[in-house]
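Colleague: The sequence shown lines up with residues 4 to 223 when you count with my numbering. Ideal Cβ positions, reconstructed from N, Cα and C, are used throughout, including at glycine. Quick one: structure below, then a few questions.
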Amino acid sequence: MTARITPSILNADFSRMGDEVRAIPSADGIHIDVMDYHFVPNLTMGLPMVESLRPVTDTPFDIHLMISDPDTWAPSYVEAGAESVTFHLEAAKAPVRLAREIRTMGARAAVALKPATPVEQLADILTEFDQILIMTVEPGFGGQSFLDVVLPKIRRTRRLIDATGADIWLQIDGGVSAETIGRAAEAGADTFVAGSAVYRSEDPDAMVRRLRQIAERHQG
């Protein structure tokens, strides 16, 4: 199984974001966290950031909408050049309709779950999505510690995905580091968001490659 590393630029230097994005050419995607101070208690980047960064890199953009009205805003991020758009199940009014709209526009549709949201809520609609994102911290802030209590949920999600026979990625986000990524990979995750671990290292791109190697060693 291939391990994909999608660093979060939430922990990058906002004053030189173009350089920060170019500093991780080994990344499988650029994870862009969009927060509205309603769904989560923080306010971050939005459409202008995505539009300004799109000419800087060919690396796919993996948008994570932590906002209260993804049904309205998600399509705009596809128009801005995102290859994948993730919205939270807890926030979407019509998740299946939204996922289909994202796919129709040519992007990958993904759905995210907070740590306490049971994955079983997705059991009947899994194949509507190209990726399931399991939060391994409470969404809203970077630099939090990995929640090991979510590992059983990752394992259940892997079983549900495998049972469909579909090519659905299983992403985790929160507290991913060289110390934690192995446990998540063993549980069945194949796509990993890492922010602090990458951008606070001396060589961000080397850390991307190291995280991928560790994950692949632990995958079943």
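#1: Identify the residues that DSSP records as bridge partners of Asp176: which are they?
#2: If we count the other Cβ atoms within 10 Å of its Cβ and call it buried at 16 or more, is Met4 buried or exposed?
#3: Since Ser29 contacts Asp208 with CB under 8 Å, what's their CB separation in whole angstroms?
#4: Tell me, to the nearest whole angstrom, how far the beta carbon of Leu173 is from that of Thr160; I am working on the premise that it is less than 8 Å.
#5: Near Ser79, which residues of its chain fall below 7 Å by C-beta distance, leaving aside the five closest residues on each side in sequence?
#6: According to the neighbour-count rule (16 or more other Cβ atoms, all chains shown, within 10 Å of its Cβ), is Ala169 buried or exposed?
#7: From what residue to what residue does the alpha helix (DSSP H) around Met210 run?
#8: From the DSSP secondary-structure annotation, give me the bridge partner or partners of Ile8.
#9: On the DSSP letters alone, give me the boundaries of the alpha helix (DSSP H) that Val88 sits inside.
#10: Taking 8 Å as the cut-off, decide whether the C-beta atoms of Val140 and Leu154 are in contact.
#11: Throw me the rounded Cβ distance for the Ala94 and Pro73 pair, which I believe falls under 8 Å.
#12: Just to confirm before moving on: does the CB-CB distance between Ala102 and Ala112 stay below 8 Å?
#13: How would you call Gly198, buried or exposed, if buried means at least 16 neighbouring beta carbons within 10 angstroms?
#14: Taking Cβ positions, are Ile66 and Ile35 nearer each other than 8 Å?
#15: Helix or strand or just coil, what does DSSP make of Met108?
#16: Tell me the residue span of the alpha helix (DSSP H) that contains Ile157.
#17: List the DSSP bridge partners of Met64.
#18: Applying the criterion that 16 or more other CB atoms from any shown protein chain within 10 Å of the CB defines a buried residue, is Tyr40 buried or exposed?
#19: If you draw a straight line from the C-alpha of Leu92 to the C-alpha of Asp127, how long is it?
#20: Whole angstroms are fine: how far does the CA of Pro10 sit from the CA of Ser204?
#21: Which one or two residues does DSSP pair with Ala113 in a beta bridge?
#22: From Ile105 to Arg186, what distance separates their C-alpha atoms?
Modeller: Considering the structure as presented:
#1: DSSP, once it has assigned bridges, lists Met138 and Val196 as partnering Asp176.
#2: Its Cβ having fewer than 16 others within 10 Å, Met4 is exposed.
#3: Yes, they are in contact, since the Cβ atoms of Ser29 and Asp208 sit about 5 Å apart, within 8 Å.
#4: Indeed they touch by this definition, with Cβ atoms about 6 Å apart.
#5: So the list reads Leu50, once near-sequence residues are dropped.
#6: Around the Cβ of Ala169, a 10 Å sphere holds fewer than 16 other Cβ atoms; the residue is exposed.
#7: Annotation: the continuous alpha helix (DSSP H) that includes Met210 extends over Pro207 to His221.
#8: For Ile8, the pairing in a beta bridge is given by DSSP as Phe195.
#9: From DSSP, Val88 is part of no alpha helix (DSSP H) but of the beta strand (DSSP E) over Ser87 to His91.
#10: Not a contact, by the Cβ cut-off of 8 Å.
#11: Confirmed, about 5 Å.
#12: It is a contact, given that the beta carbons lie within the stated cut-off.
#13: With 16 or more other Cβ atoms within 10 Å, it is buried.
#14: Result yes, Cβ atoms of Ile66 and Ile35 sit closer than 8 Å.
#15: Correct three-state label for Met108: coil.
#16: In the DSSP assignment, Ile157 falls within the unbroken alpha helix (DSSP H) covering Leu154 to Thr167.
#17: The question names Met, but residue 64 in the sequence shown is Phe. Per DSSP, Ile33.
#18: Around the C-beta of Tyr40, fewer than 16 other C-beta atoms lie within 10 Å, and the residue is accordingly described as exposed.
#19: So the alpha carbons of these two residues sit roughly 13 Å apart.
#20: When only Cα atoms are considered, Ser204 and Pro10 end up about 12 Å apart.
#21: According to the DSSP secondary-structure assignment, Ala113 is paired through a beta bridge with Thr89 and Gln134.
#22: Taken atom to atom, the span from the alpha-carbon of Ile105 to that of Arg186 is near 31 Å.
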